[in-house]
Amino acid sequence: MAAFDRAAELAFRRSAQSIGRRSALSGIGKLLVGGALLPVLPFDRSGQAHAQGASKPDANEASCDYWRYCALDGFLCSCCGGSVSSCPPGAEPSKVTWVGTCHNPVDGKDYLVSYNDCCGKTTCGRCLCNGNVGERPGYRMGVHNDINWCMANTQSMYHCTVSVLVGVADKK
């Protein structure tokens with residue numbers, strides 16, 4: 010164990026002689042800033058939009074007042090040949106999304122909702138909704154809805170938006 014202690018002491022003394030306090034603080038600062046930027050990175054939820062498929066139809070799905078659209082900004086796919094949770098034929102869900110938490114008045118629970126833009130066709134132009142519940146500034150991309158999220162797809166044309174239930178929100 011004494012050999013290990015001597016080797017560790019020698020390594021620490023050499024690093025202390027070659028690295029100053031300012032450069033060590035600079036490195037720590039870079040790590041902190043880099044760690045703070047991680048939540049800004051885009052995330053892929055397109056698999057969930059495919060897996061969700063068509064849901065049981067509801068009379069309110071074509072209305073901006075439908076509870077799942079509380080943070081949706083765009084054209085409703087349910088008015089454009091798709092459904093609440095699936096893109097119309099010829100369009101594919103965006104690989105990156107924004108999320109919101111919407112309250113379902115029927116069961117009284119809050120749900121995490123992933124909003125996927127459907128990409129690859131020209132803009133639908135019907136049933137424009139602009140729900141901004143819980144929207145954050147543009148530097149918090151995962152909760153900002155004023156961005157063309159088709160930017161990560163091969164076809165970057167925006168068509169409409171679906172709302173996919175991700176799960177029940179925890180009450181804290």
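Heads up, the sequence shown stops at 181 in the working numbering, and the numbers go up one at a time, no gaps. A virtual CB, placed ideally from N, CA and C, is assigned to each residue, including glycine. It should be emphasised that the depicted structure is a prediction, and the values quoted were computed from it without experimental measurement.
Handout entry: Buried or exposed (CB count within 10 angstroms, at least 16 for buried), Ala16
Key = Residue numbering aside, residue 16 sits at position 7 when the sequence shown is read from its first letter. Exposed, since its Cβ has fewer than 16 Cβ neighbours within 10 Å.
Handout entry: Extent of the continuous beta strand (DSSP E) run through Ser123
Key = What you label residue 123 is simply residue 114 of the sequence shown in a count that begins at 1. Lys118 to Cys128 is the span of the beta strand (DSSP E), which, as asked, contains Ser123.
Exercise for the section: Would you tell me roughly how many angstroms separate the C-alpha atoms of Tyr75 and Val115, rounded to the nearest one? Expected result: As a position in the sequence shown, residue 75 is number 66, starting the count at 1. As a position in the sequence shown, residue 115 is number 106, starting the count at 1. Their backbone Cα atoms lie some 11 Å apart in a straight line.
Exercise for the section: Take Tyr167 as the anchor and find which of Arg135, Val173, Gly176 and Lys130 has the nearest alpha-carbon. Expected result: By 1-based counting over the sequence shown, the position of residue 167 is 158. Ranking Arg135, Val173, Gly176 and Lys130 by Cα distance to Tyr167 puts Lys130 first.
Exercise for the section: Output the boundary residues of the beta strand (DSSP E) element that contains Asp82. Expected result: Numbered from 1 along the sequence shown, position 73 holds the residue referred to as residue 82. Run containing Asp82: Asp82 to Phe84, per the beta strand (DSSP E) assignment.
Problem - Bridge partner(s) assigned by DSSP for Pro102 - result: Counting from one through the sequence shown, the residue named residue 102 turns up at place 93. Partner(s): Cys127.
Handout entry: Delimiting residues of the beta strand (DSSP E) encompassing Ser172
Key = Mapped onto the sequence shown, residue 172 falls at position 163. Where Ser172 is concerned, the enclosing beta strand (DSSP E) stretches over Tyr167 to Val177.
Practice task
Go ahead and label Asn139 buried or exposed: buried means 16 or more other beta carbons lie within 10 angstroms of its beta carbon, across all protein chains shown.
Solution key: Numbered from its first residue, the sequence shown carries residue 139 at position 130. Result: exposed.
Problem - alpha helix (DSSP H) segment containing Gln164, residue limits - result: By 1-based counting over the sequence shown, the position of residue 164 is 155. Here Gln164 belongs to no alpha helix (DSSP H), and DSSP marks it neither H nor E.
Problem - Sub-7 Å separation of Asp126 and Thr170 beta-carbons - result: Locating residue 126 in the sequence shown gives position 117, counting from the first residue. Locating residue 170 in the sequence shown gives position 161, counting from the first residue. Yes, the Cβ-Cβ distance between Asp126 and Thr170 is below 7 Å.
Practice task
For the beta strand (DSSP E) holding Val108, just list the boundary residues, first then last.
Solution key: For the purposes of this step, residue 108 is taken as the residue at position 99 of the sequence shown. Where Val108 is concerned, the enclosing beta strand (DSSP E) stretches over Trp107 to Asn113.
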